[in-house]
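Under our numbering, the first residue of the sequence shown carries the number 115, and numbering increases by one thereafter. Here the structure is laid out as structure tokens; the discussion comes afterwards.
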Amino acid sequence: TGSEVTRFTVITDRHTHVKMLITSDRLIPDVALVDPLLTVSCPKSVTAASGLDALTHAIEAFISRRANPISDGFAINAMGRIARFFRRAYERGDDLEAREQMLLGALEAGLAFSNASVALVHGMARPIGAYFGIAHGLSNAMLLPHVMEYTFDTATERFAEIARALGEPTDGLSVESAARRAVTAVQQLCRDLSVPTLVAAGVDGRRVSELAAQMAEDALASGSPGNNPRVPTTDEIVALYLRAL
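Take a look at the structure:
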């Protein structure tokens, strides 16, 4: 997912159900071995979840309030590469070109968010993993379309650029219509990759409803939602969790 080139790691406190983010330049490796042969045995579900995590890294780095020309370049390249090769890697796990391009896209996305941080999706995903044991990549995948829908009209120019990076036709469209294409493209990708809802993944919907307010507080406490173009309230995060059911 690009974590092999970042300065971040996460530790889960199983007693408090909090995922804590740790940041240090000491976490950056001297060498990262990025070998597509090591990924060909990944099942479709892992390919989908890890790839969507990488795409989330790229998108959130690009819309982050901390985005900059360096992170933008990596993010745009990552989105384009992932969009071109994701479905191939998912459908044909032994396609080495697709696997290699996905790894490169993930690495570029890792460099992007290392220089711009992540945003609301990651902030919300951590409590899902901490409370319900859902893998991080899958949590991001479940939330990404909903958070993009919530965010896009506050960053239409950026979302229009995302649409173009994803290969969506935007010629002749208004900025707002082009921005909407980014949202619908990711929604369709998640459908194509069979991303489940929280309930379909085995999460008790009633427990989500009961815990949603605390999860929202945990998400805000992580600091990541503050990087989002549209900074949510606790109630808005609760509503987004319920939409993901």
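Backbone N, C-alpha and C define an ideal beta-carbon position, used for all residues, glycine too. Because the structure is a prediction, the values reported are computed rather than measured.
Next on the checklist: Can you tell me which residues form a DSSP beta bridge with Ile125?
Outcome noted: Met134, per the DSSP bridge assignment.
Checklist entry - For Ala189 versus Phe176, is the C-beta distance shorter than 9 Å? => result yes
Next on the checklist: Here's a check: name, in chain order, each residue in its chain whose Cβ is nearer than 6 Å to the Cβ of Ala296, leaving out the five neighbours to either side.
Outcome noted: Phe273, Ile276, Ala277
Item to check | Meets three-Cβ-pair contact criterion under 8 Å: the segment 172-186 and the segment 220-238 | outcome: yes
Item to check | Same chain only: Cβ atoms within 6 Å of Pro310, ignoring 5 sequence neighbours per side | outcome: none
Checklist entry - From which residue to which residue does the alpha helix (DSSP H) around Tyr286 run? => result The amino acid occupying residue 286 in the given sequence is Gly; Tyr does not appear at that position. It is not in any alpha helix (DSSP H) - Gly286 carries neither H nor E in the DSSP assignment.
Checklist entry - What's the gap between the Cα of Arg128 and the Cα of Val352? => result 22 Å
Item to check | Backbone secondary structure at Ser155 - three-state DSSP | outcome: Looking at Ser155 - three-state DSSP - the assignment turns out to be coil, as it is neither helix nor strand.
Checklist entry - Which residues bound the alpha helix (DSSP H) around Ala146? => result Note, Ala146: premise wrong, no alpha helix (DSSP H); not H, not E.
Next on the checklist: Considering only the alpha carbon of each residue, which of Ser178, Leu359, Ser308 lies closest to Phe266?
Outcome noted: Ser178
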